[in-house]
Amino acid sequence: MSKTTKNMGCQQVLLHPDQNLLAILKYLCGEANKVFNCSVYYARQVWFKENRFLTQGELCRQMKWNVHFNAMYASSAQQICNGIVESFRSFKQLLKLFGKGELANQPKPPKYRKPGLFTVSYPKKWLKLTDIGIKVPLGRKVKAWFRLDAFYIPMPSNLDWNLIKEIRIMPRHGCFYAEFVYEMKTQSVKLDPNQALSIDHGLDNWLTCVDTQGHSFIVDGKHLKSKNQWYNKHIATLKKNKPQDFWSKRLACITEKRNRQMRDAVNKTARLVINHCLKYGIGTIVFGWNKGQKQSIELGSKINQKFVQIPTAKLKERIEQLCNLYGLKFVETEESYTSKASFLDDDFLPIRA
Numbered sequence: 012m013s014k015t016t017k018n019m020g021c022q023q024v025l026l027h028p029d030q031n032l033l034a035i036l037k038y039l040c041g042e043a044n045k046v047f048n049c050s051v052y053y054a055r056q057v058w059f060k061e062n063r064f065l066t067q068g069e070l071c072r073q074m075k076w077n078v079h080f081n082a083m084y085a086s087s088a089q090q091i092c093n094g095i096v097e098s099f100r101s102f103k104q105l106l107k108l109f110g111k112g113e114l115a116n117q118p119k120p121p122k123y124r125k126p127g128l129f130t131v132s133y134p135k136k137w138l139k140l141t142d143i144g145i146k147v148p149l150g151r152k153v154k155a156w157f158r159l160d161a162f163y164i165p166m167p168s169n170l171d172w173n174l175i176k177e178i179r180i181m182p183r184h185g186c187f188y189a190e191f192v193y194e195m196k197t198q199s200v201k202l203d204p205n206q207a208l209s210i211d212h213g214l215d216n217w218l219t220c221v222d223t224q225g226h227s228f229i230v231d232g233k234h235l236k237s238k239n240q241w242y243n244k245h246i247a248t249l250k251k252n253k254p255q256d257f258w259s260k261r262l263a264c265i266t267e268k269r270n271r272q273m274r275d276a277v278n279k280t281a282r283l284v285i286n287h288c289l290k291y292g293i294g295t296i297v298f299g300w301n302k303g304q305k306q307s308i309e310l311g312s313k314i315n316q317k318f319v320q321i322p323t324a325k326l327k328e329r330i331e332q333l334c335n336l337y338g339l340k341f342v343e344t345e346e347s348y349t350s351k352a353s354f355l356d357d358d359f360l361p362i363r364a
């Protein structure tokens, strides 16, 4: 029997902590970053000296003696170790592909993180919903050291507690987010797989879409160019006559604002595309894409900068996620098929990418 795959969603909620909660979040995420680096160190040493990969049980047993591991809630610390093991498994698979000649560059083992903060994950079984919010445990060590056993975060009103699987505390550019991972119910929609929507991406016209029913629309990309241009000018002004690695709260604030704008554009554009398909019963989306196009593009320094900063890859991934949710077929093909041939002129479809 084939296993049924579950669709998972993730909702980010910006936290507005007071001074006490802010200190707790900084402490947790700081210890998580140290656990990450300690785990990577041990896994790398085993790989270098013994030429083998650790299992999740081995790494967790070794890290139980680590002071930073013990400073966290056990389940959260184990989640970090499990993530390290998965990273090394991916590294192992890449080594196999490189040995077969299917990868151009030799893969490297996972690296250390810079000093700072890292994401903390809590499986739902260790959380409790109360009248004042979600109770998040801190562990025995923290309770003994600081006389605190838990902290509380607000529960989003639009989510069902029974569907939540995990909550993550994610630091980013001086802000803290609560990520709610929840199970999404598959939407059953009647669609015709023989009807297709062709998507060609660009710069001024971010997406040019034409379907087999004669409908067409264009998603404007000039506003994204404008936001990126504003961001680049302000970053250049603030970094003028400063060291190369200079960073400040103002830079973090501007970067976070720009990232939110890009994320909002990706989500709204993907929803626009999917809603068009649902409205007209279109069951297939064909997306023109060339792998590695941003790395090898040569359009001049100015156009390169504008093109590379547009999050088209994230948009493609988001459209594919929504296709899986609603039962649409997502086809990724050479971009030349969607941009370099004219159906009305009876053009052939050669690969020009």
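Just remember that the working numbering sits 11 ahead of the position in the sequence shown, which is counted from 1.
Using N, Cα and C, we set each Cβ at its ideal position, and we do this for glycine too.
Just so we're clear, the structure is a prediction, and the values are computed from it rather than from any experiment.
Legend entry - Helix, strand or coil at Y52 [DSSP, three-state]: helix
Inset, instruction - Could you check the C-alpha separation between W156 and E42 for me, to the nearest Å? - result: Computed Cα separation, rounded: 14 angstroms.
Legend entry - N-terminal and C-terminal residue of the beta strand (DSSP E) that W217 is part of: Where W217 is concerned, the enclosing beta strand (DSSP E) stretches over N216 to D222.
Inset, instruction - Indicate whether the contact test is met: 3 or more Cβ pairs, each with one atom in the segment 160 to 172 and one in the segment 137 to 145, closer than 8 angstroms. - result: Contact between the segment 160 to 172 and the segment 137 to 145 is established, with three or more Cβ pairs separated by less than 8 angstroms.
Inset, instruction - May I ask you to verify whether the segment 53 to 61 touches the segment 215 to 233, counting CB pairs closer than 8 angstroms and requiring at least 3? - result: no
Inset, instruction - Please state whether DSSP places M273 in a helix, a strand or coil. - result: Here M273 carries a helix assignment [DSSP, helix/strand/coil].
Legend entry - Span separating the alpha-carbon of L247 from that of S237: Note on identity: in this sequence residue 247 is Ala, with Leu being the wrong assignment. Cα-Cα distance, rounded: 15 angstroms.
Legend entry - For Q23: DSSP bridge partner residues: E190
Legend entry - Pick from P120, L105 and E267 that is closest to E113, judged by C-alpha positions: Of the candidates P120, L105 and E267, the one whose C-alpha sits nearest the C-alpha of E113 is L105.
Legend entry - Range covered by the alpha helix (DSSP H) that runs through Y337: T323 to Y337
Inset, instruction - Counting only the same chain and skipping the five closest in sequence on each side, list residues whose C-beta sits under 7 angstroms from that of R124. - result: Excluding residues within five positions, the ones whose Cβ falls inside 7 angstroms are N44, F47 and N48.
Inset, instruction - Could you check which residue in V24, P121 and F80 has the C-alpha nearest to that of V57? - result: Residue nearest to V57 within the set V24, P121 and F80 is P121 (criterion: CA-CA distance).
Inset, instruction - Give the secondary structure of Q104 by DSSP, where H, G and I count as helix, E and B as strand, and everything else as coil. - result: helix
Inset, instruction - Answer yes if the segment 291 to 305 comes into contact with the segment 199 to 215, meaning at least three C-beta pairs across the two stretches below 8 angstroms, and no otherwise. - result: yes
Inset, instruction - Work out the CA separation of F99 and F64 for me, nearest whole Å. - result: Cα atoms of F64 and F99: separation of roughly 7 angstroms, rounded to the nearest angstrom.
Legend entry - Closest residue to K154 among Q30, C334, N278 and Y84 (Cα-Cα distance): Ranking the options by Cα distance to K154, first place goes to Y84.
Inset, instruction - Please say whether T266 and Y242 have beta carbons closer to each other than 9 angstroms? - result: yes
Inset, instruction - Answer yes if the segment 251 to 271 comes into contact with the segment 178 to 189, meaning at least three C-beta pairs across the two stretches below 8 angstroms, and no otherwise. - result: Contact annotation: the segment 178 to 189 touches the segment 251 to 271, with at least three C-beta pairs closer than 8 angstroms.
Inset, instruction - Have a look at A88, Q67 and P126 and flag the residue whose alpha-carbon is nearest the alpha-carbon of E97. - result: Q67
Inset, instruction - Report yes or no: do three or more beta-carbon pairs, one from the segment 33 to 40 and one from the segment 68 to 78, lie closer than 8 angstroms? - result: no
Inset, instruction - Go ahead and pull the three-state DSSP assignment for M166. - result: Note: M166 maps to coil in three-state DSSP.
Inset, instruction - Give a yes or no on whether the C-beta atoms belonging to M273 and G20 are separated by under 9 angstroms. - result: The answer is no: Cβ separation not under 9 angstroms.
Legend entry - Extent of the continuous alpha helix (DSSP H) to which S237 belongs: K233 to K250
Inset, instruction - Can you grab the Cα-Cα spacing for the pair F228 / N286, in whole Å? - result: Here the alpha carbons of N286 and F228 stand approximately 13 angstroms from one another.
Legend entry - Distance CB(L202)-CB(L289) smaller than 9 angstroms: yes
Legend entry - Under the three-state DSSP convention, the category S307 falls into: Below a pLDDT of 50, predicted positions are generally treated as unreliable, and S307, at 49, falls in that range; the measurement from the model is reported next regardless. S307 falls in the helix class under three-state DSSP.
Legend entry - Separation of N93 from L339, as counted between CA atoms: 33 angstroms
Legend entry - Three-state secondary structure (DSSP) of H226: coil
Legend entry - From P167, V200, F191 and R269, residue whose alpha carbon lies closest to that of H245: R269
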